[in-house]
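In the numbering used here, the protein residues as written are 26 to 77.
From the three backbone atoms N, C-alpha and C, an ideal C-beta is built for every residue, glycine too.
Note that this is a predicted model, so its numbers are computed, not measured.
Below is the structure:
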């Protein structure tokens, strides 16, 4: 039933492509942010769970 319902939607193939691009973009953004951040900032963030 769902197969026929999804086949009737115009442009349904773009949903998968857009979801993949959003995931890939988020992953790349996280990697760039990690590689270009300062070591002092990373040390501060890593100590947050232990500081009360």
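If you follow the alpha helix (DSSP H) that residue i is in, where does it begin and where does it stop?
i: residue 69; result: 64-72
i: residue 40; result: 38-60
Going along the chain, which residues of its own chain have a beta-carbon closer than 6 angstroms to the beta-carbon of residue i, five neighbours each way excluded?
i: residue 37; result: 31
In its own chain, which residues sit with a C-beta less than 7 angstroms from the C-beta of residue i, not counting the 5 before and 5 after it?
i: residue 28; result: none
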